[in-house]
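Protein chains in written order, with the working numbering: chain A, 158 to 499; chain B, 158 to 499; chain C, 158 to 499; chain D, 158 to 499. The beta carbon of each residue, even a glycine, is placed where N, CA and C say it ideally should be. All values reported here derive from a predicted model rather than from experimental measurement. Shown next, in structure tokens, is the structure this report addresses.
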């Protein structure tokens with residue numbers, strides 16, 4: 158039984174709390190949040206203790222793992238404190254937006270030999286995973302092109318946008334950059350990015366990019382396209398298409414129901430699932446299960462800090478290219494590190 | 158070069174005329190219709206001669222084949238005259254609605270050794286044909302159930318309905334009855350039919366059945382369902398589903414375009430192709446080609462008078478069952494005759 | 158908090174136990190099974206008590222509801238005992254296969270004013286429910302035809318088959334008969350059924366029907382077709398098609414993933430979900446939630462004993478028709494009772 | 158009746174000849190080819206005259222239009238000769254690969270006031286056209302992103318590749334560049350292109366790019382992605398996806414049949430139509446019809462030389478970007494010229 162200290166009761170925290178509670182080999186022991194009321198409410202629901210003091214929770218020797226669901230800029234510090242307290246760490250992406258800070262974290266994790274997992278949950282989506290498996294099984298031979306559509310139904314609130322400019326790369330496409338590395342078992346050597354502000358000033362007052370396309374060239378020569386938008390009115394649009402010498406694989410979107418409506422003006426189906434909570438519900442449960450099993454079996458978690466670092470590196474290159482207009486090369490020593498395939 | 162005498166300029170005649178004209182090994186030589194103007198107009202379009210006299214056209218030794226596109230009750234007489242004139246015959250279904258008349262026709266065709274084809278065009282639809290081929294290739298093993306949906310977007314005009322009561326069986330499902338025999342290479346031993354009048358009195362003043370379901374038991378034990386309606390507002394709905402020990406095959410509908418429209422209220426596609434002219438356009442050309450090749454090679458055409466007779470027999474049984482409420486058995490000697498698979 | 162006594166640890170019991178445990182307003186208090194070990198194991202998993210004595214559990218005043226997951230022939234007795242103990246009852250279908258026994262049960266439930274729910278779970282499947290909602294909203298106008306495909310990937314074990322001959326009607330299609338009544342808010346007036354044994358003697362040693370088609374005529378005149386098979390090798394095939402004056406609705410099957418594989422020999426997708434546990438996972442959770450809310454709010458549960466009785470009546474008629482070959486009329490007073498639409 | 162002189166009996170010539178013959182308002186009068194035998198054979202099939210001398214055919218005053226189906230490098234000269242002979246011109250794309258030569262052509266066409274059509278046939282594909290119509294009707298509001306997949310099942314023969322290096326841009330994507338301009342009614346201001354050689358040396362001995370991705374920025378700010386490959390083993394893959402403020406439109410691929418095959422290992426459909434002849438069969442007939450009607454009504458044909466020139470300009474920019482690695486800007490005066498929307 159792995160006991161969790163969950164830090165951060167905001168958006169994603171309650172979802173992880175429910176998954177911990179439902180997992181047969183896990184227990185929610187602590188909920189930590191500066192907002193003591195929020196922590197107390199969430200903790201009560203699952204019979205956990207609550208506190209505003211991370212130290213208090215980390216001091217509990219029963220706690221085996223810390224799950225970090227706080228805003229990104231707080232991740233690194235919590236990772237380091239949890240690591241020094243000897244706890245395994247499950248951290249929402251990104252590790253940090255500052256590469257130096259990420260590297261410092263890496264050093265602490267290495268010294269403390271902390272099992273660490275960065276939650277790129279999409280790797281655990283059953284359809285994306287089936288696509289990954291099919292590539293690994295050689296179904297399409299050598300992958301030659303990858304096309305990812307990664308579109309949100311709406312832009313984040315203005316203060317969130319203000320706190321993280323170029324969030325379309327740092328917050329959204331960072332998932333895709335991780336998927337590209339993972340699916341192709343390869344690293345990009347060049348990034349070209351273009352953006353646009355398509356939303357009007359009411360919706361996007363900071364004029365931060367809300368629409369973007371990126372082209373990546375991989376070390377293997379494979380070409381990759383990613384596109385993103387913050388206003389897919391028809392739902393959360395998440396597709397991956399892998400093209401290779403022997404065929405193509407497409408991971409399509411799910412819809413809430415399988416109902417088809419035939420009428421005189423056409424055949425209609427549901428719009429897509431509305432947002433990532435619904436769309437990736439299974440992946441959140443599966444990533445937690447994978448983390449728990451890894452800790453249990455003494456293995457390294459499936460997605461490590463280097464994965465988080467490299468996705469950030471690509472996002473940084475995309476921002477630089479979008480700003481300068483020029484293609485940006487990635488460091489020559491970039492090569493896909495041996496990952497444990499989750 | 159096979160020269161055709163086309164009889165009947167009504168609904169389906171011009172379609173066949175165009176296909177004859179476009180076929181590299183055929184020529185439209187004569188158009189025969191009591192309405193001399195209609196005959197003249199159609200003939201002029203393709204450089205053919207026209208006449209109101211069938212005899213005149215049959216007297217032309219260049220004519221090798223007669224294509225019969227007149228109303229059903231005139232078919233038998235024209236078949237016999239064409240046969241006696243030594244012409245091959247391509248006849249729109251049905252041969253006749255009176256079984257005795259059909260048998261008399263059969264005798265004349267036998268005596269004159271006339272190549273004869275009854276135009277159950279659906280056998281030539283590429284999707285239905287692919288389903289047939291898959292069954293024959295053993296893809297689903299022994300067929301166990303067959304489900305056919307055969308729905309028209311509207312009912313025929315009142316005078317047409319008045320002239321052929323129970324047209325839902327005699328005119329529409331007769332196609333499906335032929336498909337069942339052909340697809341399963343088997344004969345029905347029992348028919349149960351139910352009907353309803355769902356259209357209102359304006360649309361269906363004669364209160365002839367406009368909605369029907371039929372259940373067939375085949376000699377092999379396979380069970381068959383056919384449903385039909387005269388108001389599929391979303392288009393001409395023609396589906397076949399064959400279920401067997403190793404799987405299932407579904408021949409689905411086509412749509413005019415492959416466009417998908419994603420909006421906030423759902424994903425929309427075109428309604429189905431509107432009517433049989435569009436839906437079965439390919440099958441009309443392919444059945445003609447098959448007929449011409451058969452004549453050319455001295456083979457029997459692919460669908461013979463016995464096929465027409467048996468489809469009529471099933472339609473009669475369906476009418477009897479719908480009227481009496483009781484299941485109707487088909488004659489014990491009904492067994493699938495060896496057909497040349499077209 | 159509604160405390161449950163779950164009776165029967167066999168196939169479906171553990172699934173319901175997990176759903177009870179996961180429900181925020183429910184608790185599993187007791188597990189009852191003649192097999193004390195099985196009861197103990199299941200109970201332990203959720204912190205419940207276990208016993209082989211139904212009386213012992215019913216004696217617990219904290220228990221508010223009894224969930225019956227035992228074999229069908231034991232249902233009626235347990236219903237009556239639970240009712241007399243003043244507990245609400247959630248019962249797996251069918252209530253009983255003997256109509257007299259069902260009526261006796263009805264009397265007890267009436268006398269004791271027991272809240273009773275018979276678990277026709279398919280009514281809670283999101284896609285089927287969306288179809289129901291669309292009919293109610295008038296999207297297809299008056300329903301005219303209903304076509305249901307209800308196919309299992311395999312036949313039940315021989316002893317199960319021996320204990321319930323004609324299980325294809327009593328056990329499988331009974332769901333569809335309930336769906337027909339619910340979707341159309343109408344009652345059948347006539348049933349015609351045909352069956353076949355398509356499996357070989359190894360798989361189906363009792364030669365009980367493994368393949369069936371049924372045609373129903375409803376009081377409104379609507380026509381209904383249901384087909385069933387016990388060997389859908391491609392997965393659990395559950396489709397509903399409702400055709401009406403303004404269009405058609407189709408509730409299609411789900412697949413495990415949304416992956417499409419394009420290769421030189423075609424485009425391939427996953428087979429269907431394998432069995433009802435996966436396919437109807439959501440409906441099991443939703444029916445429980447609906448039951449709990451009804452009890453909580455003092456309302457009658459959504460599906461009552463009369464619903465169970467009528468589905469059984471249709472199944473009996475289907476068996477009679479399959480045996481005699483004749484259509485079977487249903488009692489003239491059959492009319493759709495006012496249901497609380499769940 | 159418009160009489161055509163068809164020049165070039167190679168690959169696409171016979172297809173156009175058949176469409177001319179089938180068109181009610183057109184006649185094939187002459188077939189011109191240096192290979193007199195080929196010209197004679199094709200001409201004979203449609204009752205046309207044949208010659209190796211373009212002058213001879215142009216001298217025929219009955220000829221109203223010249224259809225150019227010869228290799229690209231010969232187009233410009235034939236256009237000029239036909240224009241000077243006072244004939245309308247239907248020319249396969251491209252006009253020429255040399256921009257100076259195209260401009261010279263433009264001058265001749267202007268002087269002679271010749272009706273001219275460059276055959277970007279994809280504009281006439283019913284699904285692509287429906288997408289265009291939906292954009293024009295405002296269904297997706299302002300277009301924000303366009304994603305085109307344009308993949309051939311195989312590379313051209315080595316001598317063809319040798320004659321036109323970078324054919325992936327000049328020969329294949331030139332269609333897509335035209336589609337982008339047409340669909341968005343907008344012009345690109347920047348092009349970034351990347352290529353790869355993925356085929357092995359046997360298939361692609363000249364190591365000419367066989368795989369490519371292009372990113373375009375339009376004057377309106379819309380972003381465009383195009384990808385192409387010369388080895389789509391699953392068929393001719395031609396998709397267009399238009400994303401905008403109110404939704405998304407996808408023009409999907411067609412398949413030869415609508416058959417679905419359900420088996421234990423999955424659900425299988427046909428691969429895509431094999432090549433452009435099948436896929437774009439309708440568009441070839443429709444573009445011819447549009448051309449004939451334009452000539453007939455004295456209107457300018459739907460796609461003019463400026464359209465050809467601009468598509469070539471984009472292809473040139475793509476080649477330059479692929480070679481240098483740098484983004485290439487298009488001339489500042491590039492703006493979408495008013496086209497007659499066909």
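Check                                                                                                                        : Outcome
First and last residue of the uninterrupted beta strand (DSSP E) at residue 394 (chain D)                                    : 394-401
Check: residue 401 (chain C) C-beta below 7 Å from any heavy atom of the ligand NAD                                          : The model depicted lacks the ligand NAD and carries no ligand whatsoever.
Range covered by the alpha helix (DSSP H) that runs through residue 476 (chain C)                                            : 462-481
Stretch-stretch touch, CB-based, cutoff 8 Å, three pairs: the stretch 410-426 of chain B with the stretch 418-438 of chain A : yes
For residue 356 (chain A), the three-state DSSP class (helix, strand or coil)                                                : coil
Within-8 Å CB hit, residue 422 (chain C) to chain D                                                                          : yes
Closest by C-alpha distance to residue 257 (chain D), when choosing among D:484, D:483, D:478, D:473                         : D:473
Contact check, residue 163 (chain B) vs residue 173 (chain B), beta carbons under 8 Å                                        : yes
Backbone CA spacing between residue 491 (chain C) and residue 379 (chain C) [nearest angstrom]                               : Note on residue 491 (chain C): pLDDT 49, under 50, position unreliable in the model; no value is reported.
Touch test, the stretch 467-483 of chain A against the stretch 309-327 of chain A, Cβ-Cβ under 8 Å, three pairs minimum      : yes
Opening and closing residue of the alpha helix (DSSP H) in which residue 440 (chain B) lies                                  : 438-454
Distance between residue 202 (chain B) and residue 484 (chain B) (C-alpha atoms, nearest Å)                                  : 50 Å
Chain B within 8 Å of residue 238 (chain A), Cβ atoms only                                                                   : no
Chain B contact for residue 419 (chain A) (CB, 8 Å cutoff)                                                                   : yes
Short CB-CB distance (under 8 Å) between residue 349 (chain B) and chain C                                                   : yes
Within 8 Å, strictly: CB atoms of residue 166 (chain A) and residue 196 (chain A)                                            : yes
Closest Cα partner of residue 486 (chain A) within the set A:376, A:429, A:400                                               : A:376
Within 8 Å, strictly: CB atoms of residue 436 (chain D) and residue 411 (chain D)                                            : yes
Own chain, CB closer than 7 Å to residue 245 (chain D), minus 5 neighbours either side, in chain order                       : 221, 222, 271, 272, 452
DSSP bridge partner residues for residue 485 (chain D) (one or two, in chain order)                                          : D:348
Straight-line Cα distance separating residue 312 (chain A) from residue 253 (chain A)                                        : 21 Å
Among A:263, A:161, A:403, nearest to residue 462 (chain A) - alpha-carbon criterion                                         : A:263
Proximity to residue 335 (chain C) [Cα-Cα], best of C:360, C:356, C:369, C:289                                               : C:289
Closer than 7 Å at the beta carbon, the chain B residues around residue 372 (chain C)                                        : 349, 351, 370, 372
Run of the beta strand (DSSP E) containing residue 197 (chain B), from where it starts to where it stops                     : Counting along the chain, residue 197 (chain B) falls outside any beta strand (DSSP E), though it belongs to the alpha helix (DSSP H) covering 193-202.
Beta-carbon gap between residue 445 (chain C) and residue 180 (chain C) smaller than 8 Å                                     : yes
Short CB-CB distance (under 8 Å) between residue 291 (chain D) and chain B                                                   : yes
Uninterrupted alpha helix (DSSP H) stretches inside the stretch 188-268 of chain B (no shorter than 4 residues)              : 193-202, 211-215, 232-241
Span of the alpha helix (DSSP H) around residue 423 (chain A)                                                                : Element bounds for residue 423 (chain A): not the alpha helix (DSSP H) but the beta strand (DSSP E), 423-426.
Per DSSP, cross-strand counterpart(s) of residue 176 (chain A)                                                               : Looking at the DSSP assignment, residue 176 (chain A) forms no beta bridge with any residue, so it has no partner.
Chain-ordered neighbours of residue 244 (chain A) on chain C, where CB pairs are closer than 9 Å                             : Those do not exist, as residue 244 (chain A) stays about 27 Å from chain C at its closest Cβ, beyond 9 Å.
Backbone CA spacing between residue 354 (chain B) and residue 261 (chain C) [nearest angstrom]                               : 41 Å
Residue 120 (chain D) - containing beta strand (DSSP E), residue span                                                        : Because chain D in this structure spans residues 158 to 499, residue 120 (chain D) falls outside the shown range and cannot be described.
Between the CA atoms of residue 224 (chain B) and residue 168 (chain B) - distance to the nearest angstrom                   : 14 Å
Chain-ordered chain C contacts of residue 480 (chain B) [CB-CB under 9 Å]                                                    : Ordered by position in chain C, no residue passes the 9 Å Cβ test against residue 480 (chain B), which lies about 13 Å from the chain.
Three-state secondary structure (DSSP) of residue 161 (chain C)                                                              : strand
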